[in-house]
Structure formats: structure tokens, C-alpha cells
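Participant: Numbering-wise (this note's numbering), the sequence shown opens with residue 280 and increments by one. Here it is, the structure in full.
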Amino acid sequence: MTLYEELQWRGLVKDTAGEDIADKINSGNITFYWGTDPTADSLHLGHYSSLVTAKRLANAGHHPILLVGGSTGLIGDPRPTAEREIMAKEKLQKNMDGIKAQVDKLFGGKAEIVNNYDWTKDYSYLDFLRDIGKYINVNYMLAKDIINRRLETGITYAEFSYTLLQGYDFLHLFRTKNCIMQAEGADQWGNITTGLELIKKIEGKDAYGFTMPLVLDKYGNKFGKSAGNALWLDLNKTSSYELYQYLINVDDSMVISYLKIFTFLTKEQIEDLEKQNAEHPELREAHKALAREIITDLHGAAEYEKAVEISKALFSGDIKGLSLKDIEAGFRDVPTIEISGEMTLMDLMVNNKVVQSKREGREFLTAGSITLNGDKVSDENMMITKDIAIEGKVIVLRRGKKKNYIVKF
């Protein structure tokens with residue numbers, strides 16, 4: 280199976296430009312680029328799907344250029360529904376620094392990272408219109424899907440012009456770095472073709488482009504910030520445990536597709552996992568492999584093992600060996616009870632609606648259904664103090680098998 284055939288098998292090819300693009304991809308010696316605007320200080324799992332494809336190409340001998348849009352980020356790629364908020368330059372720089380560090384780590388320092396602000400900051404408006412604008416017809420721009428969808432609600436001239444800026448990026452990299460192909464998510468097809476048009480009209484040469492289908496969850500939502508379900512590549516934003524929990528619980532109908540998109544497992548390995556998933560879905564071997572491959576690639580084997588251990592500890596209730604940081608990651612979404620002084624266990628539970636009444640509280644205590652940091656307790660008058668808190672700061676209170684609370688001093 281050739282590289283291009285593998286990309287197709289993995290479901291990573293949607294739109295293509297260039298009749299012999301398969302030959303170019305299979306040749307193993309071209310320069311290509313993928314770009315993103317620094318709208319946040321971290322990339323997310325939606326970006327990672329494209330970066331994994333870029334790594335596949337790099338592993339096959341192609342030279343990757345990762346473009347961070349310092350100039351296009353100041354304008355904002357048109358969204359389907361509304362104009363993007365203009366970002367302060369200081370925030371933009373912070374975001375760029377974060378993204379560059381992540382890309383550099385993912386590619387082991389082997390990816391060339393560029394910033395389009397470097398070649399646009401001194402380009403005058405009149406020169407840009409004369410050199411670039413005159414080659415792209417307005418009707419051509421209006422036909423772009425992302426622009427056409429905004430015509431009824433309105434689109435600013437700045438966003439309307441975005442496709443010219445990104446098209447110029449491709450032209451500039453074609454001229455200066457012999458970059459002949461752009462690879463992006465499917466929502467960037469219109470911008471890719473603008474770059475191809477400029478290269479053809481100005482340089483009289485052909486270039487290449489292909490898009491990857493956008494990765495969706497089982498509800499048809501993108502893995503993106505605007506969808507409200509971002510899984511960040513920054514450990515401080517999304518811990519390995521949170522990422523593990525998400526991946527281990529993805530819908531059975533999606534897991535094989537995700538294995539193809541996000542991992543470097545071979546066709547044979549994925550087909551074996553598909554068979555296991557069909558015969559013994561309760562074992563979740565495909566899900567475990569998905570979590571292992573993604574977390575290890577992003578953060579290393581130690582972080583994956585840590586996520587597994589936290590998961591096991593939280594499931595069993597044996598949390599004494601966990602650090603405060605581990606507990607905060609594992610219980611990020613559970614109710615938090617803040618107290619400033621000492622009080623009895625019963626008062627704590629009744630005052631914070633852990634139980635509805637003292638009578639109910641006694642029933643839970645008698646049944647052994649209340650635990651503090653994994654230990655069953657039965658004394659309603661037990662004093663809740665910092666002395667029993669993990670690192671003197673938090674206590675994990677569990678009622679029954681699943682209802683957890685974080686008591687924070």
C-alpha cells in the first residue's frame with residue numbers, strides 16, 4: 280500500500296488539487312505546509328488530527344512547514360455564523376509562543392516553523408492590491424462557500440480579504456521555500472484554492488493541495504473551541520487523565536475511525552482491534568489502544584501510565600496514593616465544597632446538601648456508604664479538619680458508588 284493509498288484508507292483525503300498529487304505524495308521529497316491562526320495559546324485535538332497527517336508525510340521523507348498565522352490571526356478566518364473578535368497583539372504573541380512550543384515538541388524539533396507576519400508586516404496596502412488583489416476576481420471570492428454563507432448576515436471587508444492573505448502565504452512559500460503543497464482541514468479548501476490560483480496566474484506553475492475531513496464526535500460536532508468541547512494539547516488545560524477518560528469512553532461506532540486518523544498503528548493492527556472490538560466490546564481494547572497511542576505521542580509514556588493509575592484509583596476509591604494535582608485533575612467536574620474552619624461530618628453533609636437530612640445521613644453512614652479519602656466512616660460527629668486533608672488542602676467525600684464531592688480548605 281502506497282502512502283497515498285494509506286491516507287485514503289485512513290479517511291484522510293477529502294478534496295485534492297493536482298492531477299498527479301498521488302505521485303507527489305508517494306515520491307517522498309516535497310515541501311508542504313499546514314497552518315493555523317493563534318486564536319488560543321494551545322492547539323486542541325482537532326488540530327492534532329491534521330498534525331498527525333503532517334507527521335505521516337514527514338516520516339515518509341517530505342519536509343513539513345508549520346505556519347503560525349501572526350498576521351492572519353489579526354484579521355480572523357471567517358466563521359460560518361459571525362465575525363471573529365479582534366485579538367490584541369500581546370495576546371496573539373502569547374498564543375503564538377504556546378503553539379510554536381507544542382509543534383516543536385510534537386515534531387521533535389524537525390518541523391520548520393514560520394510566521395506569516397514576517398512577510399506581510401512591511402507589505403504596503405497599495406502594493407498588496409497591485410501585486411495580489413488584481414489577480415483574484417471578486418466573483419471568484421464570493422463563490423467561496425465560507426464567504427457565500429455570510430453574505431445574508433453580513434461580512435466585513437477584513438474577513439472578506441482573509442482568503443487573499445492566506446493565498447499569498449502559499450505563493451510566498453512556493454517562491455521562497457519551493458513549497459508545492461498545502462494540506463489542511465476541509466474548511467480551508469477555499470483558501471487553498473486561492474493560493475493555487477495565485478501561483479498559477481503569477482508564477483505560471485501548478486501546485487498541489489488536499490484537505491482532510493474534519494474530525495467530528497458522535498454528535499457531529501467539531502473538536503474545536505467554538506463547539507465548546509475542546510480537548511487541549513496543553514497538559515495544564517486538559518490533563519492526561521481527562522484525555523484518557525474521553526478517549527476510553529468514545530462511542531464504539533467512532534473508535535476505529537479515530538484509530539485510523541489519530542494513531543500510527545498499522546492497518547493490520549487496527550483491523551485486529553476492530554475484530555476484538557466486535558467480538559468483545561466490553562474489554563474496550565480498541566479504546567485503550569486509542570488512548571495509549573494519542574497520550575504517549577503527545578505527552579510521553581509516563582503520562583499515559585499516570586492517567587491509567589489515576590483512573591484505576593478513582594474507580595476503586597483507593598485514592599491515598601494520589602497527589603493533590605492528580606485529585607484536582609480527576610475530580611475537576613465534581614461539586615466543590617469550600618470550608619474555612621472545622622465542623623462535624625454530619626454538619627458538613629447536611630449544610631452542603633450531600634444528604635437531605637440528618638436521618639438520611641445516618642442511614643448512609645450505617646450502611647457504610649460514606650467515605651473520606653477512600654476510607655469508610657460511620658461517626659457522624661467526626662471532625663473535618665485539615666489534618667485529614669490530602670496535602671492539608673482537600674478531602675474527597677464519596678456518597679455511594681458514584682457521587683463525589685471535593686471538600687476544599
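C-beta atoms are modelled at their ideal positions from N, C-alpha and C, and glycine is treated no differently. From a predicted model like this one, the values you see are computed outputs, not experimental measurements.
#1: Which of helix, strand or coil does DSSP assign to F610?
#2: Are the beta-carbon atoms of K546 and M280 separated by less than 8 angstroms?
#3: Which residue marks the beginning of the beta strand (DSSP E) containing I459, and which one marks its end?
#4: At a cut-off of 7 angstroms, would you count K682 as near the ligand GTP, judging by its Cβ distance to the nearest heavy atom?
#5: Along the beta strand (DSSP E) that carries F489, what are the first and last residues, could you check?
#6: Taking the alpha carbon of T442 as the point to measure from, which residue in I667, T351, K334, I674 has its own alpha carbon closest?
#7: Quick one: Cα of N308 to Cα of T399, how far?
#8: Since I616 and V686 should fall inside the 8 angstroms C-beta cutoff, what is the C-beta to C-beta distance between them, to a whole number of angstroms?
#9: Taking C-alpha atoms, which residue in T310, I354, R611 lies nearest to Y487?
#10: Nearest to D658 by CA position, among A570, T295, M491, L627, is which residue?
#11: How big is the Cα-Cα spacing for A339 and L282?
#12: May I ask you to list the residues that DSSP assigns as paired with N394?
#13: Determine whether the beta carbon atoms of G653 and D597 lie at a separation below 8 angstroms.
#14: On the CB-based measure, 16 or more other CB atoms within 10 Å of its CB, does P560 come out buried or exposed?
#15: Under 8 angstroms Cβ to Cβ from L450, same chain only, skipping five residues before and after it: list those, please.
#16: Mind checking which residues open and close the alpha helix (DSSP H) that includes R677?
#17: Using the C-alpha atoms, what's the distance from M420 back to G297?
#18: Considering just the uninterrupted stretch of the alpha helix (DSSP H) at F311, what are its terminal residues?
#19: Can you have a look at R677 and say buried or exposed, based on whether 16 or more other CB atoms are within 10 angstroms of its CB?
#20: V629 to A592, Cα distance in whole Å?
#21: State the DSSP-derived secondary structure class of E659, mapped to helix, strand or coil.
Facilitator: In terms of the structure at hand:
#1: coil
#2: yes
#3: 458-464
#4: Questions concerning the ligand GTP fall outside what the structure shown contains, since it holds no ligand whatsoever.
#5: 487-491
#6: T351
#7: 28 angstroms
#8: 5 angstroms
#9: T310
#10: L627
#11: 8 angstroms
#12: V347
#13: yes
#14: exposed
#15: I411, G474, L477, I478, I481, E482
#16: Careful: R677 lies outside any alpha helix (DSSP H), inside the beta strand (DSSP E) at 673-678.
#17: 21 angstroms
#18: Looking at the DSSP string, F311 is not in any alpha helix (DSSP H); the run it does join, the beta strand (DSSP E), is 310-315.
#19: buried
#20: 27 angstroms
#21: coil
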